[in-house]
Each structure stands twice: as structure tokens, then as C-alpha cells.
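**Q** My questions all concern the structure below.
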Amino acid sequence: GQNIDQPTEMTATEGAIVQINCTYQTSGFNGLFWYQQHAGEAPTFLSYNVLDGLEEKGRFSSFLSRSKGYSYLLLKELQMKDSASYLCAVNNAGNMLTFGGGTRLMVKP
Amino acid sequence: DSGVTQTPKHLITATGQRVTLRCSPRSGDLSVYWYQQSLDQGLQFLIQYYNGEERAKGNILERFSAQQFPDLHSELNLSSLELGDSALYFCASSRTSGRSNEQFFGPGTRLTVL
Chain A
1 GQNIDQPTEM
11 TATEGAIVQI
21 NCTYQTSGFN
31 GLFWYQQHAG
41 EAPTFLSYNV
51 LDGLEEKGRF
61 SSFLSRSKGY
71 SYLLLKELQM
81 KDSASYLCAV
91 NNAGNMLTFG
101 GGTRLMVKP
Chain B
110 DSGVTQTPKH
120 LITATGQRVT
130 LRCSPRSGDL
140 SVYWYQQSLD
150 QGLQFLIQYY
160 NGEERAKGNI
170 LERFSAQQFP
180 DLHSELNLSS
190 LELGDSALYF
200 CASSRTSGRS
210 NEQFFGPGTR
220 LTVL
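Line by line, the protein sequences are chains A and B. According to our numbering, the first sequence is numbered sequentially starting from 1. According to our numbering, the second sequence is numbered sequentially starting from 110.
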């Protein structure tokens with residue numbers, strides 16, 4: 001079966017760094033995506049990892065370890081507008097995206 | 110703006126009814142995906158079409174069906190609606206159906222079943 005786990009909620013302070021973890025157990029693996037979703041809005045693409053290692057894109061970085069079934073999203077220099085849900089999604093063998101429940105991040109002043 | 114459009118934005122209907130949700134993908138995208146997002150279950154993949162043909166199926170109920178037309182727009186039909194079908198329904202599109210495809214999501218249709 002498919003199992004993707006993320007923390008339900010996290011809180012961090014403006015200007016700080018936060019790491020959102022995602023562990024997965026899926027039948028097949030064709031890459032892992034991170035999406036950002038503000039309440040009531042559409043998810044928007046943040047990053048894609050298919051090989052082990054770190055992908056950096058501005059304030060956001062994403063890491064993948066396939067052997068451990070583990071990924072994290074790192075957000076630096078947090079801003080109030082980063083308050084949102086962050087969704088981890090695995091592209092499995094059937095080319096379907098299976099999403100985790102999402103991590104709701106609250107950034108406080 | 111992702112370039113994916115969905116209509117209607119909001120839909121309120123009664124149990125037992127049937128509704129149709131419409132999605133137009135980004136220009137040039139051949140794949141369309143449908144997702145359901147309810148409060149207690151997160152984002153659930155329903156079905157994918159690629160260039161008019163069904164490509165992948167997720168946890169889609171038998172009461173639900175979809176199709177993709179020659180102009181690549183897609184419709185999701187929900188019938189015999191139940192209270193539990195109330196959710197946000199997202200459509201997404203991508204250029205191909207390949208592995209590294211970034212999916213672009215539309216604004217969603219909020220369905221309320223009373």
C-alpha cells in the first residue's frame with residue numbers, strides 16, 4: 001500500500017529556518033514532489049527530487065534519501081506569507097501522485 | 110495563475126443529485142488529473158487522462174466518472190451525491206504523463222451537498 005507521513009502542524013518564527021519532514025512507503029518510486037497550499041487555494045509546485053541529495057531553489061531546499069524513504073523541505077528566512085500547508089507527494093510506479101496529509105505551518109512574528 | 114481553469118467555482122446541490130465539473134488544462138498540456146480534497150482525508154487522486162484516454166485510476170467511486178474530450182478539456186461527473194461528497198475538487202494538468210511531470214493545479218470547485 002501507500003503510506004506517506006508528515007507532521008500535522010508546525011510553528012516557527014519569522015526570519016527563522018524550519019524543516020518539514022516526510023517519510024514514505026510506496027509501491028514503486030518515480031520521484032517526490034513538494035507543494036505549497038494556502039487555505040482554500042490550489043497547491044503550487046515547490047520542488048521535485050528523484051535522486052538522492054539536496055535541491056536548492058532560493059529560500060526553499062528539498063532533500064531526498066531513497067534508501068531511507070525520507071525527504072525534507074527546508075524553508076529559510078521565513079516570512080509571514082510562508083504560513084500555509086506543505087504537501088509531500090510521491091509519484092509511484094503507476095505514475096500517480098499520492099499525497100501526504102500535509103503539514104500546516106504557522107509563522108509567527 | 111496556473112493556466113488551468115475550472116468551472117464552476119462553487120456548487121451547492123442536494124443529496125441524490127448529479128453534477129458535472131469542468132476543467133480546461135494549460136495550453137499544450139495533454140494530461141489531466143482529478144483530485145478530491147476533503148477536510149478529513151487530504152488530497153486524494155481520482156483519475157488521470159492523457160490525450161483523451163484514461164491513463165491511471167485512483168480511489169474513484171463507481172458513482173463518479175470522467176472523460177477527456179478531443180479539445181483536451183475534461184469533465185468529472187458525480188452522481189447519486191451523498192453528504193460525504195462535499196469537498197474541494199481540483200483538476201491539474203501536465204505536459205505529458207511522464208515521471209517528472211510537474212502538475213499545475215486549477216483553482217478548484219467547492220462542492221457542497223446538503
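Ideal placement from N, C-alpha and C gives every residue a C-beta, glycine not left out. All figures in this text were calculated on a predicted structure; none of them were measured in a lab.
Could you tell me whether any Cβ in chain A is nearer than 7 Å to the Cβ of residue 211 (chain B)?
**A** Looking up residue 211 (chain B) in the second sequence gives position 102. Interface residue, yes.
**Q** Could you pull the start and end residues of the beta strand (DSSP E) that residue 168 (chain B) belongs to?
**A** In the second sequence, the residue the question calls residue 168 (chain B) occupies position 59. No beta strand (DSSP E) holds residue 168 (chain B); DSSP gives it neither H nor E.
**Q** List in chain order: all unbroken beta strand (DSSP E) runs of 3+ residues lying wholly within the stretch 18-102 of chain A.
**A** 18-25, 32-37, 44-49, 53-57, 60-65, 70-75, 84-91 and 97-99
**Q** Using only alpha-carbon positions, find the residue among B:118, B:174, B:123 and B:164 that is nearest to residue 41 (chain A).
**A** For the purposes of this step, residue 41 (chain A) is taken as the residue at position 41 of the first sequence. If we check each option's Cα against that of residue 41 (chain A), B:118 comes out closest.
**Q** Quick one: which chain A residues come within Cβ less than 7 Å of residue 111 (chain B)?
**A** Along the second sequence, one-based indexing puts residue 111 (chain B) at 2. Ordered by position in chain A, the residues that pass the 7 Å Cβ test against residue 111 (chain B) are 42.
**Q** Relative to the C-alpha of residue 75 (chain A), which residue among A:68, A:88 and A:60 is closest?
**A** Taking the first residue of the first sequence as position 1, residue 75 (chain A) is located at position 75. Residue 75 (chain A) has its Cα closest to that of A:60, out of A:68, A:88 and A:60.
**Q** Would you grab the beta carbon distance between residue 33 (chain A) and residue 48 (chain A) for me? Rounded to a whole angstrom, and I think it's under 8 Å.
**A** The residue you call residue 33 (chain A) lines up with position 33 of the first sequence. The residue you call residue 48 (chain A) lines up with position 48 of the first sequence. With 8 Å as the limit, residue 33 (chain A) and residue 48 (chain A) qualify as a contact, their Cβ atoms being about 5 Å apart.
**Q** What span of residues does the beta strand (DSSP E) with residue 151 (chain B) cover, start to end?
**A** Reading the second sequence from its first residue, position 42 is the one you call residue 151 (chain B). That run of the beta strand (DSSP E) goes 151-159.
**Q** What residues in its chain sit with their C-beta under 6 Å from that of residue 9 (chain A), if we drop five residues either side in the sequence?
**A** Position 9 of the first sequence, counting from 1, holds the residue named residue 9 (chain A). Result list for residue 9 (chain A): 104, in chain order.
**Q** Between which two residues does the beta strand (DSSP E) holding residue 133 (chain B) run?
**A** Here the question's residue 133 (chain B) lines up with position 24 in the second sequence. 128-133 is the extent of the beta strand (DSSP E) around residue 133 (chain B).
**Q** Closest by CA to residue 50 (chain A), which one among A:6, A:102, A:78 and A:90?
**A** Against the first sequence, residue 50 (chain A) aligns to sequence position 50. Ranking the options by Cα distance to residue 50 (chain A), first place goes to A:90.
**Q** Please tell me whether residue 102 (chain A) has its Cβ less than 7 Å away from any Cβ of chain B.
**A** Walking along the first sequence from the start, residue 102 (chain A) turns up at place 102. So yes, residue 102 (chain A) belongs to the interface.
**Q** Measuring alpha carbon to alpha carbon, tell me which residue in A:14, A:101, A:58 and A:31 is nearest residue 82 (chain A).
**A** Here residue 82 (chain A) refers to the residue found at position 82 when the first sequence is read from its first residue. Nearest C-alpha to residue 82 (chain A) among A:14, A:101, A:58 and A:31: A:14.
**Q** In chain order, what residues of the same chain lie with their CB nearer than 6 Å to the CB of residue 11 (chain A), ignoring the 5 residues before and after it?
**A** Here residue 11 (chain A) is taken as the residue at index 11 of the first sequence, counted from 1. Counting only Cβ-Cβ distances below 6 Å, and skipping sequence neighbours, we find 106.
**Q** Just checking my contact of residue 212 (chain B) with residue 201 (chain B) at CB under 8 Å: how many whole Å lie between their CB atoms?
**A** Counting from 1 along the second sequence, the entry for residue 212 (chain B) is found at position 103. Counting from 1 along the second sequence, the entry for residue 201 (chain B) is found at position 92. About 4 Å; that satisfies the 8 Å criterion.
**Q** Please report the straight-line C-alpha distance between residue 116 (chain B) and residue 220 (chain B), rounded to a whole angstrom.
**A** On the second sequence, position 7 is the one that residue 116 (chain B) refers to. On the second sequence, position 111 is the one that residue 220 (chain B) refers to. Cα to Cα, residue 116 (chain B) sits roughly 11 Å from residue 220 (chain B).
**Q** Spatial neighbours of residue 71 (chain A) within its chain, please: CB distance less than 7 Å, with the 5 preceding and 5 following residues excluded, ordered by chain position.
**A** As a first step, residue 71 (chain A) must be located in the first sequence, where it is residue number 71. So the qualifying residues of the chain are 22, 32, 49, 62, 63, 64 and 88.
**Q** Determine the burial state of residue 85 (chain A): buried for a count of at least 16 other Cβ atoms within 10 Å of its Cβ, exposed for fewer.
**A** As a working mapping, residue 85 (chain A) is identified with position 85 in the first sequence. Per the 10 Å Cβ criterion, buried.
**Q** So the beta strand (DSSP E) residue 178 (chain B) belongs to, where does it begin and stop?
**A** Taking the second sequence and counting its residues from 1, the one referred to as residue 178 (chain B) is at position 69. Premise fails: residue 178 (chain B) is in no beta strand (DSSP E) and is neither H nor E.
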